[in-house]
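Number of protein chains: 2
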Amino acid sequence: MISKSCKYAIRSAIYIASKADENVKLSVKEIAKEIDAPPAFTGKVLQILNKHRIVSSLKGPYGGFFCEKNQLKLPIINIVNAIDGLSVFTECVLGLHECTDAHPCPMHYQHAEMRDKMRKSFEETTIVSLAESLKTGSAYLTNL
Amino acid sequence: MISKSCKYAIRSAIYIASKADENVKLSVKEIAKEIDAPPAFTGKVLQILNKHRIVSSLKGPYGGFFCEKNQLKLPIINIVNAIDGLSVFTECVLGLHECTDAHPCPMHYQHAEMRDKMRKSFEETTIVSLAESLKTGSAYLTNL
DNA sequence: CTCATAAAAGATAACCTTATCTTATATAGG
DNA sequence: CCTATATAAGATAAGGTTATCTTTTATGAG
Chain A
0 MISKSCKYAI RSAIYIASKA DENVKLSVKE IAKEIDAPPA FTGKVLQILN KHRIVSSLKG
60 PYGGFFCEKN QLKLPIINIV NAIDGLSVFT ECVLGLHECT DAHPCPMHYQ HAEMRDKMRK
120 SFEETTIVSL AESLKTGSAY LTNL
Chain B
0 MISKSCKYAI RSAIYIASKA DENVKLSVKE IAKEIDAPPA FTGKVLQILN KHRIVSSLKG
60 PYGGFFCEKN QLKLPIINIV NAIDGLSVFT ECVLGLHECT DAHPCPMHYQ HAEMRDKMRK
120 SFEETTIVSL AESLKTGSAY LTNL
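Same order as they appear, the protein sequences are chains A and B. Residue numbers for the first sequence follow numbering that gives the first Met the number 0, beginning at 0 and rising by one. Residue numbers for the second sequence follow numbering that gives the first Met the number 0, beginning at 0 and rising by one.
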């Protein structure tokens, strides 16, 4: 569905957001550890999130990654867009370049319905809402 | 979502099924042309479908690919299983190795719902039903 | 200003998917 | 039995994603 990079990105953003009220800056190393991802690759993904203003960062000593208030409210579809682009939510299940109501593939209608639901779900879910479930301990970001 | 190979596979199966009542055998070349896919790669994909008994084939002159009656009724999830495996319908959106009701990721519940709907849709849609829409001209397999 | 620290940027490698090409195998017909 | 034909199987290549490592840049503290 979405790429591995994008999964790391969403996990990272959720973790950073979960620490937003503590006013701390998190290092790549700590983030990678807390989301169970390779550190170097996590750094790359965080670079992209920062460039898209989804998370913020500061270089140098006492630097690191953090979320500003307005960033907390961003929907996770923004992360998907930054890393993978939005083609997941638009492309044809059967791989036709142009699959529309006027020129549909045999699965067009049944798939479009699910695709739209999925998109809506990604549009309506904010980073902070997912971070909440982390803080309350009702969800996890690390593997068992 | 599903791989490019799998998309070619489903398109191939639909096309072969749409010719089932004409009792003809279709060459790789013709199938590839009709579904707008690279011939050599289409051949590879058809090999897998044949090995999984989703389509049938006969070598030699007047040989080619065709669908038997019982194969027409197969659900397209069988094709996904043959080419990609069923992990699309089971794996965690955020990439956790074990994401369950007991140890959920922050998106577990909202995603599980869509994943199950998608699976059901692939289980309930048969190859022949998609082939019908091709025959009636209400859907297409080729790019504009 | 200098130094230590942490992210940014760039280069490179490993791996998997996609794609092609060549050789082997089966089969129908003369 | 021989030949032409079409799939099966195997080897190889091209491309994209994932992953790591090295160098550069920014920044806070002394």
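Beta carbons are placed, not taken as given, at the ideal position from N, Cα and C, and that holds for glycine. Every value quoted in this text rests on a predicted model; they were computed, and no experiment measured them.
Please state whether the Cβ-Cβ distance between residue i and residue j is less than 9 Å.
i, j, result
"Ser-17(B)", "Lys-134(B)", "yes"
"Lys-6(A)", "Leu-93(B)", "yes"
"Ile-82(A)", "Val-44(A)", "yes"
"His-96(B)", "Asn-142(A)", "yes"
"Gly-59(A)", "Ser-26(A)", "no"
"Phe-40(B)", "Ser-4(B)", "yes"
"Ala-19(B)", "Leu-57(B)", "no"
So residue i and residue j are in contact, right, with Cβ under 8 Å, and what is the actual spacing, rounded?
i, j, result
"Ile-34(A)", "Tyr-61(A)", "Their Cβ separation, rounded to whole angstroms, is 22 Å, which puts Ile-34(A) and Tyr-61(A) out of contact at 8 Å."
"Val-54(A)", "Cys-66(A)", "6 Å"
"Phe-121(B)", "Ile-47(B)", "That belief does not hold up - the Cβ atoms of Phe-121(B) and Ile-47(B) are roughly 17 Å apart, past 8 Å."
"Pro-38(B)", "Lys-50(B)", "Contact flag wrong, Cβ pair sits at about 19 Å."
Going by the DSSP bridge assignment, what does residue i pair with across the sheet?
i, result
"Leu-25(A)", "Phe-64(A)"
"Thr-125(B)", "Pro-74(B)"
"Ser-11(B)", "Answer by DSSP bridge pairing: none, since Ser-11(B) is not bridged."
"Leu-57(B)", "Gly-63(B)"
Among the residues of its own chain, which have a CB less than 6 Å from the CB of residue i, if the five just before and after it don't count?
i, result
"His-110(B)", "Val-92"
"Arg-10(A)", "Ile-34 and Leu-140"
"Tyr-108(B)", "none"
"Ala-36(A)", "Tyr-7"
"Gly-136(B)", "none"
Once the 5 residues before and after residue i are set aside, which same chain residues still bring their CB inside 8 Å of it?
i, result
"Leu-73(A)", "Ile-53, Thr-125 and Ile-126"
"Ala-138(B)", "Leu-129 and Ser-132"
"Asn-77(B)", "His-51 and Ile-53"
"Ala-12(A)", "Leu-48, Ile-53, Val-54, Cys-66, Ile-75, Ile-78 and Ile-126"
"Met-0(A)", "Val-87"
"Glu-112(A)", "none"
"Gly-84(A)", "none"
Excluding sequence positions up to five away, which residues of its chain have a Cβ less than 7 Å from the Cβ of residue i?
i, result
"Arg-114(A)", "Phe-88"
"Gly-42(B)", "Val-27"
"Glu-123(A)", "Pro-74"
"Cys-98(B)", "Cys-91, Cys-104 and His-107"
"Ala-31(A)", "Pro-37, Pro-38 and Thr-41"
"Glu-21(B)", "none"
Please determine if the region 123-140 of chain A and the region 102-111 of chain A are in contact, where contact requires at least 3 C-beta pairs separated by less than 8 Å.
no
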